[in-house]
Each structure stands twice: as C-alpha cells, then as structure tokens.
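Below: one structure, written as structure tokens.
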Amino acid sequence: MAMADSSCLHRPHVVVVPLPAQGHINALMHFSKTLAARGILITFLTTERLHHRIFRRPHQEISATLQDHHGLHIRFQVMPDDMLPDGGGATKIGELFEALQNKVGPMMEQLLRKVNEEGPPITCILSDSFFASTHQVASSLKVPRVVFWPYCAAASVAQANTQLLISQGFIPVKAEDVKNPTKLITCLPGIPPLLPKDLRSFYQEKCSSDLMFHTQVYESEIQNKADWVLVNTFEELEGTESIQALSKGYPAQAVGPVFLGEFLQGEHSFPKDIIRTSLWEENEECMRWLEKQAPTSVLYVSFGSYTLMSREQVQELALGLEGSEQPFMWVIRPDLVEGECSALPGDYLHRIKDQGLLVNWAPQLKVLSHPSMGGFLTHNGWNSTIESISMGVPMIGWPYWSEQFLNCRFSREMWKVGMDLECKADENGLVNSVEIEKVVRNLMQGNEGRELRKNAANLKEAAIKAVMPGGSSHTNIDTFVEHIRNLSQ
Ligand code: UDX
Numbered sequence: 051m052a053m054a055d056s057s058c059l060h061r062p063h064v065v066v067v068p069l070p071a072q073g074h075i076n077a078l079m080h081f082s083k084t085l086a087a088r089g090i091l092i093t094f095l096t097t098e099r100l101h102h103r104i105f106r107r108p109h110q111e112i113s114a115t116l117q118d119h120h121g122l123h124i125r126f127q128v129m130p131d132d133m134l135p136d137g138g139g140a141t142k143i144g145e146l147f148e149a150l151q152n153k154v155g156p157m158m159e160q161l162l163r164k165v166n167e168e169g170p171p172i173t174c175i176l177s178d179s180f181f182a183s184t185h186q187v188a189s190s191l192k193v194p195r196v197v198f199w200p201y202c203a204a205a206s207v208a209q210a211n212t213q214l215l216i217s218q219g220f221i222p223v224k225a226e227d228v229k230n231p232t233k234l235i236t237c238l239p240g241i242p243p244l245l246p247k248d249l250r251s252f253y254q255e256k257c258s259s260d261l262m263f264h265t266q267v268y269e270s271e272i273q274n275k276a277d278w279v280l281v282n283t284f285e286e287l288e289g290t291e292s293i294q295a296l297s298k299g300y301p302a303q304a305v306g307p308v309f310l311g312e313f314l315q316g317e318h319s320f321p322k323d324i325i326r327t328s329l330w331e332e333n334e335e336c337m338r339w340l341e342k343q344a345p346t347s348v349l350y351v352s353f354g355s356y357t358l359m360s361r362e363q364v365q366e367l368a369l370g371l372e373g374s375e376q377p378f379m380w381v382i383r384p385d386l387v388e389g390e391c392s393a394l395p396g397d398y399l400h401r402i403k404d405q406g407l408l409v410n411w412a413p414q415l416k417v418l419s420h421p422s423m424g425g426f427l428t429h430n431g432w433n434s435t436i437e438s439i440s441m442g443v444p445m446i447g448w449p450y451w452s453e454q455f456l457n458c459r460f461s462r463e464m465w466k467v468g469m470d471l472e473c474k475a476d477e478n479g480l481v482n483s484v485e486i487e488k489v490v491r492n493l494m495q496g497n498e499g500r501e502l503r504k505n506a507a508n509l510k511e512a513a514i515k516a517v518m519p520g521g522s523s524h525t526n527i528d529t530f531v532e533h534i535r536n537l538s539q
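Offset between the sequence shown (1-based) and this note's numbering: plus 50.
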C-alpha cells in the first residue's frame, strides 16, 4: 500500500463509504469531489467488483488498492467482496444489505486502521445512511461519523422514524391502505403528510417476512446515531424544517443537488473522465443524435440501475413511445428485461429509426442538460428526480419500488414538475401502450406539459442558486468543511 504523499499530509482526511449501488456511488462521488476541491483528502471505499466495473481495469491493477488522482486528492480503497452476494438486481438486495450490516464491519475496521496508521489520520467517516457497519467501525476508531442521506429529506425523515411508524401501526403497510388510503400519516416531524404508499415499498405487509424488511428496520435504528447529518436536497425545494427533522441533537444540513456544483463548473475544474462512476459503458454517440433534434423535443426514457420490467411491459412501452410520434431516447439496460432480452418486436428498430434511439446506458447528466430535452420518463429514483429538477426537465413518473412513489407524488403534487403513469396500471400492474402514448403526448405537446416545463425551469434556477457561492447548499457545505477542518486540528 502506498504512503500518503507529502501534499496530503496536513489535510483533513474523510473516508467516504457509499452503498455499493449506482445511485449511491454517484451521489457520494459527486460530493467527494466537492470536498476534495475544498482541500480535503478523500479516501473513497468501493468493493472489488464495483471498482473493476467502474474503472474497467484488470484485476491485478485493482489490487494496487490506492490511487491518487491528479491534484484531486481522492484515492480509492478497495474492500474484498467475496462475502457480498454476486449479481445485481432486486432479488439480491436483501442479501446485500444483510451482508453489509453483519459481515463487512470487521474487515472494514482492519482496512481503515491501516489507512489511519499510514496517515494522514482519519478525521471522520462519511457514510451512506444505509451502511450500518460504519457506526461500529467509527466507534472503534474513535472518529466521528457523518451520515449522508442520498434521498430527499421527506423520504429520509420517514425512514429515520421507522420505529414511530411501527408503533403507530403504519408499518407494515397494509395492501388496502395502499389502494384506498383512509388516513394520512401526520405524525412525522417537519414534513408534509404522507400516504401509506409513500413509505418505502420494502415495508409493505406482503414483504414483512423478507430479509429487506428487517434490515431496513435495523438500519433505521443506526441511522439516528450520527455526529452530523447531510442530505442530498436543497432547502428551497423541501424547506428547512424537513431537513432539521433529521437532526437528533446534531447538525443536519442540505448540501444538494450534489452533482450540480461540479457540473456547472464544466470540464475545466475536474477531470471527469478520470473519476467516472458508471457501472455500464456510457454511450457517448447518443449526444450526436441529440444534436440533430429540435429544442425541447426529445423524451428521455430511463429507469435507473435496478428496475426490472416484464417482457410484456417493455413491449407496451415500445408501442406507446412509437405511437406518441415524439422523438425519444430510451435506455434499455442489458438487465432491464426480466427473463428474455429480445423483448422488442423484430422490426421495431427499423420502424423507429427516424424517431428514436435505444442505448444500453447514457451519460445521463449530459443528456438531461441538452437543449433538445423536453421530458423525462423516469422511475423516480432520487438521483434521476433531482437531476431532472436541476436541469429544468419535467417528468413522467413511473415508480417501481423503494421511496420512488414518494418522489413521484412530491414531483407531481408539491413541486408540480411531474405527471404520474404508474396510476394508469391495470390490476396486474401493466400500463398499456395507449395510456403511455397519451401521457407522453400530454407532456411533450399539451398545455399541462408546458406548465410543468415552466415550473421545472423555475426550480432549475433555484437549484443553481443553492449551489452557487452564497446559496443555501454552498453555505452549508462551507460550514461542514469548516467543522471538518476544526476536527483535524
Ligand atoms: C436506487 C433506488 O432505486 C432509488 O429509489 C434511490 O432513490 C436511489 O438508489 P437507481 O435505481 O439506480 O437508485 O436510480 P437513481 O437514484 O435515479 O440513480 C441512477 C443514477 O444512474 C443517476 O445518477 C443517473 O444519472 C445514472 N444513470 C442512469 C446514468 O448515468 N445513465 C443511465 O443511462 C441511467
């Protein structure tokens, strides 16, 4: 293992521990870059498999576990991951959380002890809110633990109050309360009333014997044991009260949208291609296709990194997009379709060749910021939602699981930048092509779409203001960095 170079020796040193999943790695890497740009040394913890997928290097090179990046002071520490379940997808998620809670701690502690000895000494651990092992590790190393919520404040408050929701009978969430809610959840501090369906999908009654249900309840107990709390939202979007509600006596601050500061600075300050975090190869060619499209004419379609779709649903979506007669760019991840990969009709590509483009994985931030963007059909993962909001792109929400239902409803009802497609599903959960066609036309061509686009433009302005010097998130980051500096003295 390499020793710290002399330019790092006197820097505050933050160990960043993301959950090994795409959305979580992206958010924490963006925030790491922000901290690094302010003179903090970052050690970013990944697992071996993820590191390999991100950097696409042979195994031997990865085992040289420490890398410094030109002037950025971000280095990577790789944890062996033979105790973590292999393969992605929804079915493994409970096993992954269980392993992260129960198996990783001792190995992480050993690794970080070494990092600490080699110096500079660790100032604090900045942990994804869903990585409970870091609590024990931070206590053993006697360093503070900062909890980073990669979700909106409302979803984070709900998760942090899981015990309260259990005691009030809202968790497990009953199927009839999801279908026909008779009462609102008004007991959560600082946030607007929630519907039962807004709670994390893992808390539904039908899942109450699943590993994921129990790991989430356990996580919620640990999430409240922190020295400082940060959340990937901005005050102008969710209000300070919802952010303060995440505090149990320690500071809680909104520091988002975490990608935006870096993005606004363009290619100049950060070598983006050196620290990329996509687990799939990004199709850069699609930017050329976008160049040929008229302003605000293209619908971007993507469902993040975990969503699975049935073959039948993919076929309906394909027909709906085609039938809408709007230009579209659709990300079909290699593992999006359950079972068979060849879900699209044989001549589909030929039929849509003048209308649409299909890619495996897109450079989403670049795509959303392109002037041709007119709308985003999304699963409402929090990263996609806040990225769309910050780029002024209105959404059609089609949530799949987790807290995405809350993100979708808030986008529609509170922030007024979204429509809902999931509510059009039949009793088997299938949304047919006619409904898809209608909602796409409405967003791209209708009056409602125009209104949402205006609202999205206003929120974009607010997001940009928040991350610029003097803005709410920028100021909060200054306060946090100051605190880290004081800790390291
Ligand atoms: C998961 C959960 O599903 C989500 O509910 C939770 O809010 C965060 O963790 P994921 O499903 O991957 O995340 O969705 P999302 O949060 O939207 O993150 C996806 C990330 O991948 C985004 O940062 C997006 O920019 C990026 N992406 C996605 C690409 O870079 N290219 C693509 O083609 C698709």
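Beta carbons: idealized from backbone N, C-alpha and C, even for Gly. Computed from a prediction, not measured in an experiment: that's the story for all the values here.
Look up residue i in the DSSP assignment and give the residues it is bridged to.
i, result
"A304", "V281"
"D470", "G447"
"H63", "L91"
"V128", "T96"
"T428", "S352 and G447"
"C174", "V64"
"L544", "Nothing about residue 544 can be read from this structure; the chain reaches only from 51 to 539."
"Q254", "V223"
"M359", "V387"
"M423", "V348"
Report all residues from its chain with a CB closer than 6 Å to the CB of residue i; omit the five preceding and five following residues, and keep chain order.
i, result
"D385", "none"
"E341", "none"
"V305", "L280, S523, N526 and I527"
"L215", "I221"
"R88", "V531"
"D323", "Only weak support exists for where D323 lies, its pLDDT of 48 falling under 50; the coordinates are left without a value."
"G425", "L349, P444, L493 and M494"
"V66", "L78, S82, I92, F94 and L176"
"P413", "E332"
Tell me whether residue i, by its Cβ, gets closer than 7 Å to a heavy atom of the ligand UDX.
i, result
"A513", "no"
"T529", "no"
"H74", "yes"
"Y356", "yes"
"N282", "no"
"S328", "yes"
"S179", "no"
"A71", "yes"
"E335", "no"
"E312", "no"
"V381", "yes"
"Q266", "no"
"Y201", "yes"
"H63", "no"
"E271", "no"
"W411", "yes"
"L386", "no"
"E437", "yes"
"H420", "no"
Leaving out the 5 sequence neighbours to the left and right, which residues in its chain are closer than 8 Å to residue i when beta-carbon positions are compared?
i, result
"I272", "A182 and H185"
"K466", "E501, L502 and N505"
"M157", "M129, P130 and M133"
Looking at the ligand GTP, does it come within less than 7 Å of residue i, judged from the CB to the closest heavy atom?
i, result
"E453", "Among the ligands present in this structure, namely the ligand UDX, the ligand GTP is not found."
Can you list, in chain order, the residues of its chain with a C-beta nearer than 7 Å to that of residue i? Leave out the 5 residues immediately preceding and following it.
i, result
"A513", "F284, P307, L310, I439 and S440"
"L367", "I486"
"S292", "A203, A204, V207, G240 and I241"
"E286", "A512, A516 and S522"
"D470", "G447, C458 and R462"
"G373", "S483 and E487"
"Q117", "Only weak support is given to the placement of Q117: the predicted model assigns it a pLDDT of 47, under 50, and the value that follows is read from those uncertain coordinates. R125 and F126."
Which ranges would you report for the alpha helix (DSSP H) in the stretch 371-420 if only whole runs of at least 4 residues count? List check, alpha helix (DSSP H) in window: 398-401 and 414-418.
Threshold first: 3 residues or longer. Then list the beta strand (DSSP E) segments lying entirely within the stretch 193-239, N to C. Segments of the beta strand (DSSP E) lying fully in the stretch 193-239: 195-199.
Give, in chain order, every unbroken run of the beta strand (DSSP E) that is at least 3 residues long and sits entirely within the stretch 448-527. Listed in chain order, they are 468-470.
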